[in-house]
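Visitor:
Spelled out as structure tokens, the structure:
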């Protein structure tokens, strides 16, 4: 017991002299070895350390006054000691940091929303530059009005042609149809025409498509007005291709608005899935209304087939070679 008390006394004297030596000597000049005093040091630096009274790590501290601390056994340095914060101070700091984080998050969210609005505005401006959909035209032959849209440097009908004056144009008889012979379908989807009628092979309205029928390869002069109103013509396959490229090579971009599918009709072309009239291997039938839409071009491939465009799906190639006797929709493009 006496020996233990003596050791403790000696150790206390050593600590006392060490503290005095550190207080009197400038930083790093103490010739004596630095004695560890764990009561005043808060982290390993590298051989001295400190912890709070409850043994927890000291993570939130602030300065008080200047004292000397051990660096290693031979050096000391001057540093402001730390004391542990109260629970109330720690809680207040956490709340402060939480509010600062909320402010930062709100600012980031605001910046993202502003950037998104700017991008949407930029995109809308781009679309407005490409597409203008405020005009209509009237077919002088029957007084029918059609919406039109400017996409790039082309002006297209934004509705399917619905010219049906067979009294004035007898070639229409038996070569154009309403889907399922339902007049209401014509009002909604326009008419379906054979390629020879689309080209005006009878030469009723112009001479450029005269003689272009299902019996021979056509070598007409371009553009071909066909059955389109005056000042408009049946688009060639290259004009369809140009339209496709202008809207970003997406046939979906040309489709009519469909909220159920999230389709917006950004360019106002409003292509419809108007189906077709054609041979199914056994007989002529109406088919694919609401599934696909088919449109004629003024380009043919042979005496029997012409180039059509199918919309409502993105195939590897939406340009199809189809029988000229099929009934497809027509979109006219301005001269």
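In the working numbering, the protein residues as written are 26 to 360. From the three backbone atoms N, C-alpha and C, an ideal C-beta is built for every residue, glycine too. Predicted model only: the values in this text are computed from it and were never measured.
For residue 302, which option in 275, 348 and 212 has the closest C-alpha, if you only look at C-alpha atoms?
Guide: Answer by Cα proximity: 348.
Visitor: Taking the straight line between their C-alpha atoms, what separation do you get for residue 160 and residue 236?
Guide: One C-alpha to the other measures close to 33 Å.
Visitor: I'd like the span of the alpha helix (DSSP H) that includes residue 313, first residue to last.
Guide: From DSSP, residue 313 is part of no alpha helix (DSSP H) but of the beta strand (DSSP E) over 309-314.
Visitor: Give me the DSSP bridge partner(s) of residue 320.
Guide: According to DSSP, which records beta bridges pairwise, residue 320 is partnered with 334 and 354.
Visitor: Can we count residue 236 as close to the ligand NAP, meaning its CB is less than 7 Å from some heavy atom?
Guide: Absence of the ligand NAP from the depicted structure is noted, as is the absence of any ligand whatsoever, leaving it without description.
Visitor: Could you tell me whether the Cβ atoms of residue 360 and residue 257 are closer together than 8 Å?
Guide: Closer than 8 Å, so yes.
Visitor: Starting from residue 213, trace the alpha helix (DSSP H) both ways and give me its first and last residue.
Guide: First-last of the alpha helix (DSSP H) with residue 213: 208-214.
Visitor: Which same chain residues end up closer than 6 Å to residue 316 when comparing Cβ atoms and leaving out the 5 residues on each side of it in sequence?
Guide: Counting only Cβ-Cβ distances below 6 Å, and skipping sequence neighbours, we find 298.
Visitor: For the alpha helix (DSSP H) containing residue 222, list its first residue and its last residue.
Guide: First-last of the alpha helix (DSSP H) with residue 222: 220-223.
Visitor: Can you tell me which of the three DSSP states residue 276 falls into?
Guide: Reduced to three states, the DSSP call for residue 276 is coil.
Visitor: Counting C-beta neighbours from all protein chains within 10 Å, is the total for residue 199 16 or more, i.e. buried, or is it exposed?
Guide: It is exposed - the Cβ of residue 199 has fewer than 16 other Cβ atoms within 10 Å.
Visitor: Tell me the rounded alpha-carbon separation between residue 262 and residue 204.
Guide: Rounded to whole angstroms, residue 262 to residue 204 spans 24 Å at the Cα level.
Visitor: Contact check, residue 234 vs residue 251 under 8 Å by CB: the rounded distance?
Guide: Right, the Cβ-Cβ distance comes to about 5 Å (below 8 Å), so this counts as a contact.
Visitor: Can you give me the C-alpha to C-alpha distance between residue 123 and residue 129, rounded to a whole angstrom?
Guide: Each residue's alpha carbon lies about 10 Å from the other.
Visitor: In chain order, what residues of the same chain have a beta carbon less than 6 Å from the beta carbon of residue 210, not counting five sequence neighbours either side?
Guide: Within the same chain, residue 210 has close Cβ partners 203 and 204.
Visitor: In the structure shown, what three-state DSSP assignment does residue 179 receive?
Guide: In this structure, residue 179 counts as strand in the three-state DSSP scheme.
Visitor: Residues in its own chain within less than 7 Å of residue 246 by CB, not counting five upstream and five downstream?
Guide: Correct list, in chain order: 233.
Visitor: Identify which residue in 196, 201, 143 and 212 has its Cα closest to the Cα of residue 169.
Guide: Cα-wise, what sits closest to residue 169 is 212.
Visitor: Quick check: what's the CA-CA separation for residue 163 versus residue 171?
Guide: About 6 Å.
Visitor: Looking at the secondary structure, which residues open and close the beta strand (DSSP E) in which residue 262 lies?
Guide: Taken as a continuous stretch (DSSP letters only), residue 262 belongs to no beta strand (DSSP E), being part of the alpha helix (DSSP H) at 262-271.
Visitor: Exposed or buried, residue 307, counting other C-beta atoms within 10 Å across all chains shown (16 or more means buried)?
Guide: The residue in question, residue 307, is exposed, as its Cβ has fewer than 16 Cβ neighbours within 10 Å.
Visitor: So, using beta-carbon positions, are residue 318 and residue 183 closer together than 8 Å?
Guide: No; because the gap between Cβ atoms is not below 8 Å, this pair is not in contact.
Visitor: If the criterion is Cβ atoms closer than 8 Å, does the pair residue 366 and residue 352 meet it?
Guide: Because the chain here runs from 26 to 360, residue 366 falls outside it and cannot be looked at.
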